[in-house]
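Just so we're aligned: 38 in my numbering is position 38 of the sequence shown, and the numbers increase by one with no gaps anywhere.
This report refers to the structure that appears directly beneath it.
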Amino acid sequence: MSMHQPCVLTTKDFSIIETMRERCLGQDDPLAPILKQKIETARVVFREDVPENVATLSSRVTFTINDGPPGTRVISHQHMTTPVGMFLSIATRRGLALLGLAEGMQFQLAGMHGGIETVRLIAVNYQPEATARARDLAAHAAPRPANAVAAEHRIPALTLVRSASPAPRSHTPAADLPDDPGPSAA
């Protein structure tokens, strides 16, 4: 990814990247140059405005490394221990490289054993922001039945439960009962 081609980050993702950079171990940290480039080139948008083809946190993406076989992972915030092979943390170089890329874009980073490694985003299979927008749109666009409005304004019926397990009751004359009915009467 060249310095002129910005990544797209939600405000939340950008804040996380900034925090990661502040906590960075220094220039020897392998994430430091990636964090710097992401912050310097980021186009920050609200979650409602992020294009659906951009990799955000919790997105399920398909990608390649050096044009090798494609892999599919969920971009996560922290290292995930289970299930193995399902998540790719942004605390790793490859996970961080994918964050903010649009489909078809690539990010070049220094390889672990020298050379350049190219991470290319093939597809965003699922993006939580796009799913939330579609759900909100469907909720506002769907016609509501007339009785749905009336049902929303009904007062729910309450059932008073004295105990989770019924206690055996002894038959006591009414004269022996105290005058204060106790908190259960409230």
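Yeah, the Cβ is synthetic: ideal placement off N, Cα and C, and Gly gets one too.
Fair warning: this is a prediction, and the values are worked out from it, not measured in the lab.
Asked	Found
Write down the C-beta distance between Thr10 and Arg47 rounded to the nearest angstrom, noting that I regard them as a contact closer than 8 Å.	5 Å
Taking all protein chains shown into account, decide if Gly95 is buried (16 or more other Cβ within 10 angstroms of its Cβ) or exposed.	buried
Would you mind reading off the limits of the alpha helix (DSSP H) that contains Glu117?	That residue, Glu117, is in no alpha helix (DSSP H); its beta strand (DSSP E) goes 116 to 126.
Within 10 angstroms of the Cβ of Arg73, are there 16 or more other Cβ atoms? Answer buried if so, exposed if not.	buried
Rounded to the nearest angstrom, what separates Ala132 and Lys12 at their Cα positions?	15 Å
Where Ser2 and Ser15 are concerned, what is the direct C-alpha to C-alpha distance, given to the nearest angstrom?	Below a pLDDT of 50, predicted positions are generally treated as unreliable, and Ser2, at 40, falls in that range; the measurement from the model is reported next regardless. Looking at the two C-alpha atoms, the distance is approximately 22 Å.
Who are the Cβ neighbours of His4 in its own chain at under 6 Å, not counting the five residues just before and after it?	For His4, the predicted structure reports a pLDDT of 44, less than 50, and the residue's modelled location is therefore unreliable. A value from the coordinates is still provided. For His4, where only same-chain residues beyond five positions count, there are no Cβ hits under 6 Å.
Would you mind sorting Glu203 into buried or exposed? The rule is 16 or more other CB atoms within 10 Å of its CB.	Any question about residue 203 goes unanswered here, given that the chain covers just 1 to 186.
Measuring straight from C-alpha to C-alpha, what distance separates Val8 and Thr118?	18 Å
Would you kindly report the start and end of the unbroken beta strand (DSSP E) that includes Gln106?	106 to 110
With H, G and I counted as helix, E and B as strand and the rest as coil, what does DSSP make of Met1?	In this prediction, Met1 has a pLDDT of 40, which is less than 50 and means its spatial position is unreliable; what the coordinates show is noted afterwards. Looking at Met1 - three-state DSSP - the assignment turns out to be coil, as it is neither helix nor strand.
In the segment 27 to 101, which residue ranges form an unbroken beta strand (DSSP E) of at least 3 residues, counting only runs that do not cross its ends?	43 to 45, 60 to 65, 71 to 76, 87 to 89
In the DSSP assignment, find the unbroken alpha helix (DSSP H) run with Glu18 in it and report its ends.	11 to 22
Taking all protein chains shown into account, do 16 or more other C-beta atoms lie within 10 angstroms of the C-beta of Ile17, making it buried, or fewer, making it exposed?	buried
On a CA-only basis, which of Asp28, Asp136, Ala139, Asn125 is nearest Val61? Give me that one, please.	Asn125
Report yes if the C-beta distance between Gly100 and Ala32 is below 8 Å; otherwise report no.	no
Should Gln78 go down as buried or exposed, given a rule of 16 or more other Cβ atoms within 10 Å for buried?	exposed
Going by C-alpha distance, which of Ser58, Leu109, Gln108 is nearest Phe87?	Ser58
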